[in-house]
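The opening position of the sequence shown corresponds to residue 10 in the numbering used here, with each subsequent residue numbered one higher.
The beta-carbon is built from N, C-alpha and C at its ideal position, and this holds for glycine as well.
Just so you know, these numbers come straight off a predicted model, no measurement behind them.
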Amino acid sequence: MDAFTVLENTYYLINRNFDFYKNNFGHAYYVNVHDEETYFIDKLFKSVENKLPPSDKMLNYAVSSIYTSVVALEEYLKRNNIKYTFSDMDDICAGFSKIDDEKNNFKDKTFEELDEILFGLLTDGIDLESRKKSGSERTPKEIIKYMLDMLGYDKSVSTKKSIIDPACGTGTFVKQIMERFIGGLEEDADLYQLLLEDKLVQAYDTKPSNVFVTKIVIITSLLKAGVVNDIEFVKILVKKLPIYCQDFLTASDNADYIVGNPPYIRLQNLTMEAREYIKNNFTSSTGRFDIFTCFIEHGDKLLKQNGRLCLITSDKYLTANYGVGIRRYLVETGHVRKIIDLFDTKFFGAAVLPAIILCENSDTKSPLVEYIGIKTSEKKGKQKCCNATELFEYIEKIGTSKEYVEYGDDIDCCTFEISKGHSKLPMEGKTWNLSSDNESQIKMRMEREKLCCLQDILDVCVGIKTTADTVFVKPMTEDFIKKYKFEDEVVYPLIQSFDVERWSIKWGENKRDRYILYPHKEEKGIMKAYRLEEIPNAANYLLGNSEILKGRKYLTESKTREWYECWVPQKLSKFRKTKIVTRDIVSSNTFALDEEGYLCQGNTFFLTRKESLFATKYADMSEHEFYCFVLGLLNSTALEYYQKLISGCLYSQKYRYTTTNLNKWPIPRIENGDAKKIAKYVDDIINGNIKIKEAECKINDIVFKAFNLSENEIVQINKCTGKEAA
């Protein structure tokens, strides 16, 4: 019988007698469950007799999963010829005999299929909304193997040293831990001593059903290996295994090894009580942090002398503003040994881009950290790896370099770009922009040869974020504006991301182009909302959409804002200036000149000139010349290469252009004559007076020379950016 059928049958049986199971399995975890978290349950189980509120519905599902795991355990007992009674099974799981049915069995399943049933019980089939609460994502077994190998946790140490999984889920890490633990057992090993007294294998999870299923994973591993053959000991293990229904962040037990995949939960999704506890106890809780950063910090603090920690998390903390706390902490301890950034490799289905960190609590503090970056590429590779295990084994063998590897089989194949090197982590919480040794040398050269940074010459601003584009943007065609007779002072052409092409803006040439209804005015340099009586036609439209607009609580609850405003307005005076615009996410540098004074949407950034020594140096240039010159720099291959080094790669080989990253860009010292040449090339590109590739090559030659880059370095830059033929 398939697992879902057993789960479904069990769900309905428990639902009919829910009060009994609630009394036995009720837990505070299931108290604050909302409707959207249980929509998936309504889809899965449509024939319930007992309609339940969301909290009880989630408990019903969790208990069904627990019972299904016990059906899997029962199959292991049968195959091992271990005698048991209904009373024994009820001791293991209260009320099991009430729903025990010969029809509910897994006798047709292999051991591997039984394991898969256990691992998938509380992850497969659960939709995104319900997973947000626990922040859980299932880790592929190949990555778990790689992480355990990195730790050095194998059968030679497994019965001597302790290991903790800080967020066990349904036991995917614990399964492989147990295989290595069992591999290290001697014939006369005392399991009671090792597992229950010495607590060599521990795990934590806040979800009670996860804790129970993980215990079943441990027990079935022992049964499969034939080292447990007594129902009484099985019952003892269920009750006493050190798998704790507890937040790991409150744990105090030290360990030789800590390994796992912590939950991804943003600050705003935590309870106020949890926020206060974390804020008061963790230096990593900076900005709008994600809770996994605290798992890294706390895990590191719990390591015994020479203990090791290996966690897979989102890679955002490497460069995001909220990561300043954990970056500062890790640099101060000097414990980081290795970072593997998996970028857009999609080894598993998490929405985040993952990275693996290895730390060691050792008195030896190396200034250098080993770095491995793995991302997709369109280039051809020389080496072929059929699966993740082969890939990781190959990566560990190669030296510090950049290589391209063919990954997969003949049907489903892609290329991975492998960067490997050693980096010194910057102090004071600065971002970790890690790269191969060769890339690091080029990056350092560009920074050494710079005249200044981009933030010294340009003001970088994000476009308008309305948080209600369905009202302010999407319907705003010329015909729609005429129909409602909107006042001229609140309607402006809007540059959206797709309007931004390399070198120029193409607004008005696309059916998707829109205006923006912008109910703001600028008075003495301050943006204010128009009073509705000042814009009666627009006011009628806004009032007609008040339900949507008033749903934005951050505005309606503000004492200084109006409910009909855009969330993040920008000064009209800035938009009216000549400016350079870029998309926020794009595969290559795509900066464009706007001299029309268009407004910009929130998925773009716009850059305007600052009064600076840089501007003074080129004071003999006209405004148009100056902006063309700067535009040429920004679209140069050298600065595209720099951006790709400091920005994490997103899916589909796209990169995020943020204010923080753009501000860091090094601006080289360009002689005035060369600056005017660049400006002329860019003007010719915009006006169609020159072949674009020809002009770009000439611009790149000037910029490469200004950064004092060698021929070999230029070849590497062109190869990395895909400009070999340029």
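What do you reckon, are the CB atoms on residue i and residue j nearer than 8 Å?
{"i": "T19", "j": "T77", "result": "yes"}
{"i": "A234", "j": "I172", "result": "no"}
{"i": "L608", "j": "F584", "result": "yes"}
{"i": "I334", "j": "S293", "result": "Before going on, a small fix: residue 334 reads as Gly here, not Ile. Result yes, Cβ atoms of G334 and S293 sit closer than 8 Å."}
{"i": "V590", "j": "T613", "result": "yes"}
{"i": "G343", "j": "K313", "result": "no"}
{"i": "Y524", "j": "Y539", "result": "no"}
{"i": "D124", "j": "G178", "result": "no"}
{"i": "C395", "j": "D418", "result": "yes"}
{"i": "G390", "j": "T424", "result": "yes"}
{"i": "K452", "j": "L654", "result": "yes"}
Taking the straight line between their C-alpha atoms, what separation do you get for residue i and residue j?
{"i": "D136", "j": "H43", "result": "With a pLDDT of only 40 at D136, under 50, the local geometry of the prediction cannot be trusted, and the value read off the model is given with reservation. Roughly 14 Å separates the two Cα atoms."}
{"i": "N32", "j": "D262", "result": "31 Å"}
{"i": "K728", "j": "D353", "result": "19 Å"}
{"i": "W516", "j": "D508", "result": "6 Å"}
{"i": "N24", "j": "N59", "result": "6 Å"}
{"i": "D158", "j": "E632", "result": "59 Å"}
{"i": "E402", "j": "S165", "result": "20 Å"}
{"i": "G144", "j": "A176", "result": "The predicted model places G144 with a pLDDT of 46, which falls under 50 and marks its position as unreliable; any figure quoted below should be read in that light. Cα to Cα, the separation comes out at about 10 Å."}
{"i": "G269", "j": "I186", "result": "11 Å"}
{"i": "P54", "j": "T229", "result": "Sequence check: residue 54 is Phe here, not Pro. One C-alpha to the other measures close to 28 Å."}
{"i": "Y738", "j": "Y93", "result": "Here the chain comprises residues numbered 10 to 735, so residue 738 is not present and cannot be evaluated."}
{"i": "R275", "j": "K87", "result": "44 Å"}
{"i": "Q652", "j": "I50", "result": "44 Å"}
{"i": "E46", "j": "T599", "result": "40 Å"}
{"i": "G408", "j": "K714", "result": "30 Å"}
{"i": "I699", "j": "C706", "result": "12 Å"}
{"i": "D207", "j": "S218", "result": "24 Å"}
{"i": "Y155", "j": "L279", "result": "31 Å"}
{"i": "Y273", "j": "T322", "result": "8 Å"}
{"i": "K411", "j": "N721", "result": "14 Å"}
{"i": "T398", "j": "Y413", "result": "17 Å"}
{"i": "L671", "j": "Q464", "result": "8 Å"}
{"i": "I91", "j": "E83", "result": "10 Å"}
{"i": "M536", "j": "H529", "result": "6 Å"}
{"i": "L250", "j": "L231", "result": "13 Å"}
{"i": "K310", "j": "T667", "result": "33 Å"}
Using the three-state DSSP reduction, which class does residue i fall into: helix, strand or coil?
{"i": "I687", "result": "helix"}
{"i": "V72", "result": "helix"}
{"i": "H529", "result": "strand"}
{"i": "R346", "result": "strand"}
{"i": "Y273", "result": "coil"}
{"i": "S143", "result": "With a pLDDT of 45 at S143, under the threshold of 50, the modelled position of that residue is not reliable, and the figure given next carries that caveat. DSSP places S143 in helix when its eight states are reduced to three."}
{"i": "H36", "result": "coil"}
{"i": "F713", "result": "helix"}
{"i": "R618", "result": "strand"}
{"i": "D418", "result": "coil"}
{"i": "D136", "result": "With a pLDDT of 40 at D136, under the threshold of 50, the modelled position of this residue cannot be trusted; read the value that follows with caution. Three-state DSSP puts D136 in coil, outside helix and strand."}
{"i": "R88", "result": "helix"}
{"i": "V166", "result": "coil"}
{"i": "D478", "result": "helix"}
{"i": "P484", "result": "coil"}
Using CA coordinates, which residue listed in the options is at the minimum distance from residue i?
{"i": "D97", "options": "I404, N59 and L246", "result": "L246"}
{"i": "T302", "options": "T328, S106, M281 and E282", "result": "T328"}
{"i": "S621", "options": "G417, R511 and C461", "result": "C461"}
{"i": "V469", "options": "P502, E399 and K588", "result": "K588"}
{"i": "F190", "options": "K170, C177 and T179", "result": "K170"}
{"i": "P376", "options": "I420, A688, N290 and L434", "result": "L434"}
{"i": "D603", "options": "T223, K626, S513 and K393", "result": "S513"}
{"i": "L160", "options": "S444, E241 and N315", "result": "N315"}
{"i": "Y30", "options": "L61, F298 and G104", "result": "G104"}
{"i": "L339", "options": "I305, K325, K411 and D239", "result": "I305"}
{"i": "L362", "options": "D324, C394 and A397", "result": "D324"}
{"i": "Y21", "options": "S73, S64, K52 and D28", "result": "S73"}
{"i": "S596", "options": "G553, A628, L503 and N644", "result": "N644"}
{"i": "K244", "options": "F221, T259, Q255 and L258", "result": "F221"}
{"i": "E196", "options": "Q450, S432 and V237", "result": "V237"}
{"i": "M436", "options": "E532, G332 and D522", "result": "G332"}
{"i": "Q392", "options": "V378, G382, I381 and I427", "result": "I427"}
{"i": "I126", "options": "S106, T14, P62 and A212", "result": "T14"}
Three or more C-beta pairs closer than 8 Å, one from the region 114-126 and one from the region 363-377: is that the case here?
no
Does the pairing of the region 446-461 with the region 666-677 give three or more beta-carbon distances under 8 Å?
-> yes
Please confirm if the region 534-552 is in contact with the region 638-645, defined as three or more CB-CB distances below 8 Å between the two stretches. no
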